[in-house]
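Report on the following structure.
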Amino acid sequence: MKGNRTIWLIVIGLLLLLVLAYFLSSDLHDWSVSYRGNSKDPYGTFLMSELLSDYYPDEEYEVLTDSFTMSLPLSGGDSARANYVFVGGGMYLRPSDTQRLLDFVANGNQAVIATNVLPFDLMFELYFEECDSIWWDGFSSKYDTLIRANFEHPGLHASRDYPYRFYDKGTPVPYEWKYFEDYYFCGLEEGLVPIGTFNDGLINFAQRPYGRGNFYLHSTPLVFTNYHLLDENNLEYVDKVFSHLQEGPIYWDEYSRVSERMGQAINDRNPSGSRNRLLSAESPLQFILSKPALTWAWYLLLAGILLYMLFLSRRRQRIIPVLRKNTNTSLEFLTTIGHLYFLQNNHKQLAIQKMQYFRNFVREKYNVQGLELDEEFKQKLKQRSEVKATIIDKIVLMYNNIKNASIVTENTLIDFHKAMEQFYRHCK
Numbered sequence: 039m040k041g042n043r044t045i046w047l048i049v050i051g052l053l054l055l056l057v058l059a060y061f062l063s064s065d066l067h068d069w070s071v072s073y074r075g076n077s078k079d080p081y082g083t084f085l086m087s088e089l090l091s092d093y094y095p096d097e098e099y100e101v102l103t104d105s106f107t108m109s110l111p112l113s114g115g116d117s118a119r120a121n122y123v124f125v126g127g128g129m130y131l132r133p134s135d136t137q138r139l140l141d142f143v144a145n146g147n148q149a150v151i152a153t154n155v156l157p158f159d160l161m162f163e164l165y166f167e168e169c170d171s172i173w174w175d176g177f178s179s180k181y182d183t184l185i186r187a188n189f190e191h192p193g194l195h196a197s198r199d200y201p202y203r204f205y206d207k208g209t210p211v212p213y214e215w216k217y218f219e220d221y222y223f224c225g226l227e228e229g230l231v232p233i234g235t236f237n238d239g240l241i242n243f244a245q246r247p248y249g250r251g252n253f254y255l256h257s258t259p260l261v262f263t264n265y266h267l268l269d270e271n272n273l274e275y276v277d278k279v280f281s282h283l284q285e286g287p288i289y290w291d292e293y294s295r296v297s298e299r300m301g302q303a304i305n306d307r308n309p310s311g312s313r314n315r316l317l318s319a320e321s322p323l324q325f326i327l328s329k330p331a332l333t334w335a336w337y338l339l340l341a342g343i344l345l346y347m348l349f350l351s352r353r354r355q356r357i358i359p360v361l362r363k364n365t366n367t368s369l370e371f372l373t374t375i376g377h378l379y380f381l382q383n384n385h386k387q388l389a390i391q392k393m394q395y396f397r398n399f400v401r402e403k404y405n406v407q408g409l410e411l412d413e414e415f416k417q418k419l420k421q422r423s424e425v426k427a428t429i430i431d432k433i434v435l436m437y438n439n440i441k442n443a444s445i446v447t448e449n450t451l452i453d454f455h456k457a458m459e460q461f462y463r464h465c466k
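Counted the way the numbering used here counts, the sequence shown spans residues 39 to 466.
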C-alpha cells in the first residue's frame, strides 16, 4: 500500500509540473476577444473606459450593470444632454431596454454603439425597410489581415489611413471585418448616413438621426480595444469617433454585452429553426473551453475527480476500535478489604483474604481451581508452578490451622505472609 501511495504522489507531482511548465512557457495575456471594460488584456477595453471617464472631467461617468429601465436616465433638454457608449462583439437588448434606449436618444442624447452584431429589434426601429423595400439583414464581412480606416467628413478625414490588424498572440491572422452594405444608404432624411469607411469604400461608421438625438453605429469594435489604443495614430482615430459626443454625462454599457456568436444566434430570424441550434451551440462548456485559464481549471478539476474516485474505489476497512485493557476489580476489592482488616487488627480475616487473593492468582495464572485445598489441588499447583512441594504444603497447612483457630497472632500472620512470598518469588 505504501508503494502505491508513492506512485500516485509521483504522478500528481508530474501533472503539477506539466501545468506549471505550460503557464511559464505560454503568453501571460489572454488573447481572446472579450471587450470587457475591466480587462487589461489585448482585446479588453480598459483603456477605452479610462479615456471616456476623463473625456469630460466635470461630468459624470457611470458604468451600467443593470437593466436600462433601472440605470439609464431619460435626461434631455439643452441643460441635461448625455451620452451612451457600447463596445462589444455582440449586443443583447430586451424589449424594455430597446425602448428605453430609443427614448433616451429621442430626448436629445447621443448613443455610440460599436459591435459586430447590431440587435435586430433596435435596427427594426432605426431602419425598417427604408431603401427600396430592402430589409435589414445585418452586416456583411470582409475576410482580410489588414484594413485601412478613415472618415468621409472633410473635417475628420485624415491624409493617411488608419491601419488595423487582428493579432493572435502577437501574430497577425485573417479576420472577418464587418461593414454596412451600400444599399442600406439611400439618402433619406431620417435614414442612415455614412460617416466612416475602410479600404476605400466599405462603410463601417454610420449616423442615424433619431428624435432630437443621434445613433452612431460602428461595425468594427476591434479598433477600440487596448491593443490598438497603444498606437498614437489609432488613438487619434478613436478620438475622432467620439468627437460626435456632446458634453454631458457618459454611460458606459457593460450590461448588454454578449459574445459575437451569441449575438448572431439571438438575431437569427430564420423560421426553419436554425436559431435554436445556434443558441444551443453556445453552451457553458464551449465558453469554458474557449478560455485557456478556464480550460486548464476544467481539466484539473476532472483529473482531481478521477484521482479521488481511484483512491475511493479501493476496499476500505472499518476502523478497529481501541479496547481498554481488562482490569481485575475483584483484586482491588480484596486489597481494600485486607487493608481494613489490618487496621482493625483482625489477623484471621486478613489471612483468609490473603489466601483468597492467592487462590485467585493461581486460578488466573495456572488454571488450577478447587473448593478444597486437597492433594489433587496441591499436585496440580506443584506441576504447573514448579515451586517446591514444601512451600506449597506449608501454605496449605498454615491456612488450615488459621481457619480453624479462634485467635491468630500477628507473628502467625507474618509467617503466613512470608510463606506466600516464597511462592511468588519461585513460581514460573
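Built from N, CA and C at the ideal position, the CB exists for glycine as well.
Under the 10 Å beta carbon count, Y462 is surrounded by fewer than 16 other beta carbons and is classified as exposed. Scanning the region 253 to 311 from its first residue to its last, the whole beta strand (DSSP E) runs of 3-plus residues come out as 288 to 291. DSSP, reduced to helix, strand and coil, places Y337 within a helical segment of the structure shown.
Annotated three-state conformation of D104 is coil, per DSSP. Taking each of I288, G82, V150, L131 in turn and checking the Cα distance to M300, the smallest one comes out for L131.
Pairwise C-beta distances place the region 170 to 183 out of contact with the region 133 to 144, as fewer than three of them are shorter than 8 Å. Our two residues, I433 and Q421, have alpha carbons roughly 16 Å apart in a direct line.
Secondary-structure assignment with DSSP links E214 through a beta bridge to Y181. Per the coordinates, the alpha-carbon of G251 lies some 9 Å from the alpha-carbon of R119. The beta carbons of Q284 and Q148 sit closer together than 7 Å.
Using a Cβ distance threshold of 7 Å, E424 and K456 do not count as a contacting pair.
If the five residues before and after D104 are omitted, its C-beta is found closer than 7 Å to the C-beta atoms of Y293, all from its own chain and listed in chain order. Spatial neighbours of L164 in its own chain (CB-CB distance under 7 Å, excluding positions within 5 residues in sequence) are listed in chain order as R246, Y248, F253. Ranking H191, K441, Q460 by CA distance to the CA of T428 puts Q460 first.
The straight-line gap separating the alpha-carbon atoms of G128 and M86 is approximately 17 Å. C-alpha of M393 to C-alpha of F399: approximately 10 Å in a straight line.
Under the 10 Å beta carbon count, Q391 is surrounded by 16 or more other beta carbons and is classified as buried. M161 sits buried, since 16 or more C-beta atoms from the chains shown fall within 10 Å of its C-beta.
Only exposed fits N76, as fewer than 16 other CB atoms lie within 10 angstroms of its CB.
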